[in-house]
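Enquirer: The numbers in numbering that gives the first Met the number 0 rise by one with no breaks, and the one at position 420 of the sequence shown is 419.
Cβ coordinates follow ideal geometry from the N, Cα and C atoms, glycine included.
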Amino acid sequence: MAAMTAGATEPESRKFRWRDVLDDARIIQMLALGFSSGLPLLLVLGTFTLRMAASEIDIKTIGLFSYVALPYSLKFLWAPTIDRIDVPVLAARLGRRRAWMVVTQVATALCLVLMAFSDPKEHLALLGLGAFLVAFCAATQDVVIDGWRIEAAGTDMQGILAATSNLGYRFGLILAGAGALYVAAYGGWTLAYLLMAAAMGVGLVAALFAGRYDRKREPGETGAVSPLKPASRADKMRRAVFEPLTELHGRMGNALYAVLLLVALYRMPDFISGVMANPLYIKLGYDLKEIATIAKLFSIWVGIAGGFAGGWAIARFGMFPALVAGAFIAAASHLSLAWLSLGAPEIWRLAIAVSIESLCGSFAGIALITYMSSLTTPGYAATQYALFSSLYALPGKLVAGTSGFVVAAYGYPTFFTMTAAIGIPVVALCFAVGRVPQRRAVPEGAVAVDAPGNPSTGRELGSTDIPAVAARVQT
Numbered sequence: 000m001a002a003m004t005a006g007a008t009e010p011e012s013r014k015f016r017w018r019d020v021l022d023d024a025r026i027i028q029m030l031a032l033g034f035s036s037g038l039p040l041l042l043v044l045g046t047f048t049l050r051m052a053a054s055e056i057d058i059k060t061i062g063l064f065s066y067v068a069l070p071y072s073l074k075f076l077w078a079p080t081i082d083r084i085d086v087p088v089l090a091a092r093l094g095r096r097r098a099w100m101v102v103t104q105v106a107t108a109l110c111l112v113l114m115a116f117s118d119p120k121e122h123l124a125l126l127g128l129g130a131f132l133v134a135f136c137a138a139t140q141d142v143v144i145d146g147w148r149i150e151a152a153g154t155d156m157q158g159i160l161a162a163t164s165n166l167g168y169r170f171g172l173i174l175a176g177a178g179a180l181y182v183a184a185y186g187g188w189t190l191a192y193l194l195m196a197a198a199m200g201v202g203l204v205a206a207l208f209a210g211r212y213d214r215k216r217e218p219g220e221t222g223a224v225s226p227l228k229p230a231s232r233a234d235k236m237r238r239a240v241f242e243p244l245t246e247l248h249g250r251m252g253n254a255l256y257a258v259l260l261l262v263a264l265y266r267m268p269d270f271i272s273g274v275m276a277n278p279l280y281i282k283l284g285y286d287l288k289e290i291a292t293i294a295k296l297f298s299i300w301v302g303i304a305g306g307f308a309g310g311w312a313i314a315r316f317g318m319f320p321a322l323v324a325g326a327f328i329a330a331a332s333h334l335s336l337a338w339l340s341l342g343a344p345e346i347w348r349l350a351i352a353v354s355i356e357s358l359c360g361s362f363a364g365i366a367l368i369t370y371m372s373s374l375t376t377p378g379y380a381a382t383q384y385a386l387f388s389s390l391y392a393l394p395g396k397l398v399a400g401t402s403g404f405v406v407a408a409y410g411y412p413t414f415f416t417m418t419a420a421i422g423i424p425v426v427a428l429c430f431a432v433g434r435v436p437q438r439r440a441v442p443e444g445a446v447a448v449d450a451p452g453n454p455s456t457g458r459e460l461g462s463t464d465i466p467a468v469a470a471r472v473q474t
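1. Following the continuous alpha helix (DSSP H) through glutamate 246, name the residue where it begins and the one where it ends.
2. Going straight from the alpha carbon of serine 389 to that of phenylalanine 75, what length do you get?
3. Answer yes or no: do isoleucine 355 and serine 332 have a C-beta to C-beta separation smaller than 8 Å?
4. Taking the C-alpha atoms as reference points, what is the distance between leucine 30 and threonine 369?
5. Should tyrosine 280 be labelled buried (16 or more other beta-carbon atoms within 10 Å of its own) or exposed?
6. Evaluate alanine 134 with the Cβ neighbour count: other Cβ atoms within 10 Å of its Cβ, from every protein chain shown; 16 or more gives buried, anything less gives exposed.
7. When the distance is taken between beta carbons, is alanine 321 closer than 8 Å to isoleucine 313?
8. Grab the span of the alpha helix (DSSP H) containing threonine 375 for me, first residue to last.
9. Using CA atoms only, rank isn't needed, just tell me which of Leu40, Ser36, Leu69, Val262 is closest to glycine 200.
10. Within 10 Å of its beta-carbon, does valine 406 have 16 or more other beta-carbons around it, so buried, or fewer, so exposed?
11. Closest by CA to tyrosine 285, which one among Ser340, Leu247, Gly305, Ala308?
12. Does the stretch 174-181 touch the stretch 291-307, meaning 3 or more C-beta pairs lie closer than 8 Å?
13. Could you tell me whether any Cβ in chain C is nearer than 8 Å to the Cβ of isoleucine 328?
14. Looking only at its chain, what residues have a beta carbon closer than 6 Å to the beta carbon of alanine 137, apart from the 5 residues adjacent to it on each side?
15. Within 10 angstroms of its Cβ, does proline 268 collect 16 or more other Cβ (buried), or is it exposed?
16. What three-state label does DSSP hand arginine 92 in the structure shown?
17. Report back the beta-carbon spacing between leucine 160 and arginine 148 to the nearest angstrom; my notes put them in contact at under 8 Å.
18. DSSP state of isoleucine 284, grouped into three classes?
19. Give the DSSP-derived three-state secondary structure of methionine 417 in the structure shown.
20. By DSSP, does isoleucine 84 sit in helix, in strand, or in coil?
21. How many angstroms separate the CA atom of threonine 46 from the CA atom of glycine 176?
22. Rounded to the nearest angstrom, what separates leucine 73 and leucine 49 at their Cα positions?
23. Could you check which residue in Arg92, Val323, Thr376 has the C-alpha nearest to that of isoleucine 365?
24. Buried or exposed for lysine 120, going by 16 or more other Cβ atoms inside 10 Å?
25. Alanine 197 to asparagine 253, Cα distance in whole Å?
26. Leucine 193 to threonine 376, Cα distance in whole Å?
27. Using 10 angstroms around the beta-carbon of tyrosine 256, count the other beta-carbons present and answer buried if the total reaches 16, otherwise exposed.
28. How big is the Cα-Cα spacing for leucine 42 and alanine 115?
29. What separation, rounded to the nearest whole angstrom, lies between the Cα atoms of leucine 111 and methionine 195?
30. Thinking C-alpha only, which one of Phe414, Gly317, Phe387 is nearest leucine 244?
31. Tell me which same chain residues have a C-beta within less than 7 Å of the C-beta of valine 142, skipping the five on either side of it?
32. Looking at C-alpha atoms only, which residue of Ile27, Phe34, Phe64, Leu166 is the closest neighbour of proline 278?
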């Protein structure tokens, strides 16, 4: 492994022992950093839309405000800059990654304070600005934390740290979802967002105590510059962007365009319907405590079960059948929300609807992640997976901004039926290009999986690793 900055100790590959894991300080640090990564997400998505719906903001406006979370899908644009530029003063004391962690965590907390004191009825534009800044700072934090995790451990610890990170991420989602709603129900939204801002201190403390791992590229590595012949900017661009794309086209031919269309459409029904689900709960008459318990707490564990089910299906039946099944059930599950919108606000109806939607959505998420990972090639995996992982989220989020206009014009039952219908061309695409030649054959009982936002490493993972990946699938 390449040399690290002074004061860093290179992780060594060694025989795996659970005793070493339990004694490793990186585990608790990764748990806290994962929590800090997951906390802001719902505060600019689900919890945010609930706050606006509870304040009786127009449904069209709520849909448009989903665009404030776009930085999560566009973070790949500035990720290379974060990986190369030092934070003045702090970088010399903490190292590049830890300095960026501290800056982004403090900035996220301050922006949450701005959101806390911005009333939707009186300062809606200011609230939207605060949400956008939270998304930008939190997405940047994710880039840094992912980089720290990769550099902080050798091959023997990567799976453990990934699972620990996702566990912490899940805890962050629970607090920002169910926790924030419980606080808002009893103490108001200002108190809820102030407490969420204070909770960012968990990640801040972890960043200050985390090990200093700042890996430097050496001559001969991908992206490194030879000391004898510095690469031009054009050469760097060609190696970083065009070669991975050329390799994909050379391997798949024109079928690549259909594959990209499949990736772009696969989760689109979920992204579109997700923006309108929370306003539906408010319109039906469910209170914040009921929504917190059923839709934000209970559904998370159902989603984890869906991730397990997806992993089992891939290991048992193979990736292609799971991909087709995921496309069908994820889209069809939105009919449960259409059914919910037609009845009275009864708890059992809410529990059934969100359980079906969460279970099927997580199953589909695992299938898509496995499919995208299988399309990459060693040597180009990072750029290729970044392309796929950005593409699968971006189109749905762009279209989701118009969802409020559809609901205003046709109503919730028609809207959720329409999102379910998007699954028809998706299933057709699965049959058409789901078997396009991939990186390599996946051995029986193993799948190539990577967490969203984390470039594929090319490592084959067994089905027992899949639940760790499932943690971020719902979001």
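Expert: Taking the structure as given:
1. Your numbering for residue 246 matches position 247 in the sequence shown. 242-251 is the extent of the alpha helix (DSSP H) around glutamate 246.
2. Counting from 1 along the sequence shown, the entry for residue 389 is found at position 390. Counting from 1 along the sequence shown, the entry for residue 75 is found at position 76. Approximately 8 Å between the Cα atoms of the pair.
3. Position 356 of the sequence shown, counted from the first residue, corresponds to residue 355. Position 333 of the sequence shown, counted from the first residue, corresponds to residue 332. Yes; because the gap between Cβ atoms is below 8 Å, this pair is in contact.
4. Position 31 of the sequence shown holds residue 30. Position 370 of the sequence shown holds residue 369. C-alpha separation (whole angstroms): 24 Å.
5. Residue mapping note: residue 280 aligns to position 281 of the sequence shown, counting from 1. Buried is the call here.
6. In the sequence shown, counting from the first residue as 1, residue 134 sits at position 135. Buried: at least 16 other Cβ atoms inside 10 Å.
7. Locating residue 313 in the sequence shown gives position 314, counting from the first residue. Locating residue 321 in the sequence shown gives position 322, counting from the first residue. Yes, these two residues count as a Cβ contact at 8 Å.
8. Within the sequence shown, numbered from 1, the residue matching residue 375 stands at position 376. Threonine 375 -> no alpha helix (DSSP H), and no H or E assigned at all.
9. Position 201 of the sequence shown holds residue 200. Nearest option by C-alpha distance: Ser36.
10. Mapped onto the sequence shown, residue 406 falls at position 407. With 16 or more other Cβ atoms within 10 Å, it is buried.
11. Here residue 285 refers to the residue found at position 286 when the sequence shown is read from its first residue. With distances taken between Cα atoms, tyrosine 285 lies closest to Ser340.
12. yes
13. Note that chain C does not occur in the displayed structure, where there is just one protein chain.
14. Locating residue 137 in the sequence shown gives position 138, counting from the first residue. Correct list, in chain order: Pro39, Thr107.
15. As a first step, residue 268 is located in the sequence shown; it is residue number 269 there, counting from the start. Result: buried.
16. Within the sequence shown, numbered from 1, the residue matching residue 92 stands at position 93. Reduced to three states, the DSSP call for arginine 92 is helix.
17. As a working note, residue 160 is residue 161 in the sequence shown. As a working note, residue 148 is residue 149 in the sequence shown. Yes, they are in contact, since the Cβ atoms of leucine 160 and arginine 148 sit about 5 Å apart, within 8 Å.
18. As a first step, residue 284 must be located in the sequence shown, where it is residue number 285. Looking at the sequence shown, residue 284 is not isoleucine but glycine. Correct three-state label for glycine 284: coil.
19. Counting from 1 along the sequence shown, the entry for residue 417 is found at position 418. Methionine 417: helix per DSSP, three-state reduction.
20. In the sequence shown, counting from the first residue as 1, residue 84 sits at position 85. Here isoleucine 84 sits in coil by DSSP.
21. As a working note, residue 46 is residue 47 in the sequence shown. As a working note, residue 176 is residue 177 in the sequence shown. Distance between the alpha carbons of threonine 46 and glycine 176: 6 Å.
22. On the sequence shown, residue 73 is found 74 positions in, with the first residue counted as 1. On the sequence shown, residue 49 is found 50 positions in, with the first residue counted as 1. Leucine 73 and leucine 49: Cα-Cα distance of roughly 24 Å.
23. Counted from its first residue, the sequence shown places residue 365 at position 366. The option with the nearest alpha carbon to isoleucine 365 is Val323.
24. Within the sequence shown, residue 120 is the residue found at index 121, counting from 1. Exposed, since its Cβ has fewer than 16 Cβ neighbours within 10 Å.
25. Numbered from 1 along the sequence shown, position 198 holds the residue referred to as residue 197. Numbered from 1 along the sequence shown, position 254 holds the residue referred to as residue 253. Approximately 51 Å between the Cα atoms of the pair.
26. Here residue 193 refers to the residue found at position 194 of the sequence shown. Here residue 376 refers to the residue found at position 377 of the sequence shown. Leucine 193 and threonine 376: Cα-Cα distance of roughly 45 Å.
27. Counted from its first residue, the sequence shown places residue 256 at position 257. Tyrosine 256 comes out exposed.
28. Position 43 of the sequence shown, counting from 1, holds the residue named residue 42. Position 116 of the sequence shown, counting from 1, holds the residue named residue 115. Distance between the alpha carbons of leucine 42 and alanine 115: 11 Å.
29. Position 112 of the sequence shown, counted from the start, is the residue given in the question as residue 111. Position 196 of the sequence shown, counted from the start, is the residue given in the question as residue 195. Cα to Cα, leucine 111 sits roughly 7 Å from methionine 195.
30. Counting from one through the sequence shown, the residue named residue 244 turns up at place 245. Per the Cα distances, Phe387.
31. Looking up residue 142 in the sequence shown gives position 143. Same-chain partners within the cutoff: Lys74, Ala78, Ile81.
32. Along the sequence shown, read from residue 1 onward, the residue named residue 278 stands at position 279. Closest option to proline 278, Cα to Cα, is Phe64.
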